[in-house]
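In the numbering used here, the protein residues as written are -17 to 193.
C-beta atoms are modelled at their ideal positions from N, C-alpha and C, and glycine is treated no differently.
Note that the coordinates shown come from a computational prediction; the quantities given were computed from them, not determined experimentally.
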Ligand SMILES: [Zn+2]
């Protein structure tokens, strides 16, 4: 969700997904070689949770220290919301108990329809309890928000920053940011660090058919 900052931001609730200025992780990126000698981007001091679904994920702190960075998701909380279907506003499971489906609030700029009842997005779900708050907090949503109930959501790609080997062994940013790369079959994935997970949604229906 993209929040726009009003006159008095101090009174606004901060969505679960929103990044804080104190959560930036400056860990250096390097290129390593696998057992076949192929280059692969990695953090200099690797951790088990750096890779998920075969992808190097951007590190991000979870302290919520500093000030909210409105409109910018914390990379790890975004990933968790997508994989675990958590509400981007409150961080709780978003699935509606009554229908067993997942409510999703999107606009045209963050939703790509791929079929009659299919679509893709990097914006996490919003639970029904948080839906009124989300709508009231996001002025841009008043234009043409769409609320879907989603049967299934499967990770399909990432939005990533692409790096190239630098002479000193470290990785240099190419300037290509938020490049969408499929989770399989992309040679660029070894040169990229993912900032957002994209899911493919199926069995989607407009919410007014459910209620
Ligand atoms: Zn919620």
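Contact set for residue i: own chain, Cβ-Cβ below 8 Å, skip 5 residues either direction
i           : result
residue 166 : 36
residue 75  : 66, 67, 68, 69, 109
residue 185 : 83, 99, 132, 133, 134
residue 24  : 11, 12, 13, 14, 32, 38
residue 189 : 85, 129, 130, 131
residue 96  : 102, 182
residue 94  : 101, 102, 103
Near ligand 1: residue i beta-carbon under 7 Å from a heavy atom
i           : result
residue 90  : no
residue 72  : yes
residue 204 : This structure gives no information on residue 204, because the portion of the chain shown stretches from -17 to 193.
residue 62  : no
residue 108 : yes
residue 111 : yes
Residue i in three-state terms, based on DSSP
i           : result
residue 4   : helix
residue 113 : helix
residue 134 : strand
residue 59  : helix
residue 15  : strand
residue -2  : coil
residue 9   : coil
residue 92  : helix
residue 189 : helix
residue 172 : helix
residue 45  : coil
residue 119 : helix
residue 162 : strand
Residue i vs residue j beta-carbon contact at 8 Å
i           : j           : result
residue 158 : residue 180 : no
residue 107 : residue -1  : no
residue 71  : residue 116 : yes
residue 164 : residue 139 : yes
residue 178 : residue 126 : no
residue 176 : residue 40  : yes
residue 44  : residue 5   : yes
residue 54  : residue 26  : no
residue 64  : residue 114 : no
Candidates the options: closest to residue i by CA position
i           : options            : result
residue 151 : 101, 94, 21        : 21
residue 145 : 139, 137, 138, 156 : 156
residue 147 : 170, 96, 90        : 170
residue -4  : 173, 92, 52, 188   : 52
residue 101 : 34, 61, 128        : 128
residue 92  : 141, 119, 176, 56  : 141
residue 7   : 56, 17, -6         : 56
residue 160 : 119, 1, 174        : 174
residue 79  : 62, 90, 73, 111    : 111
residue 143 : 149, 172, 34       : 172
Beta-carbon contacts of residue i that lie in its chain and below 6 Å, excluding the five residues immediately before and after
i          : result
residue 49 : 3
residue 58 : 42
residue 46 : 2
Cβ-based neighbour list, residue i, same chain, cut-off 7 Å, excluding 5 preceding and 5 following
i           : result
residue 18  : none
residue 168 : none
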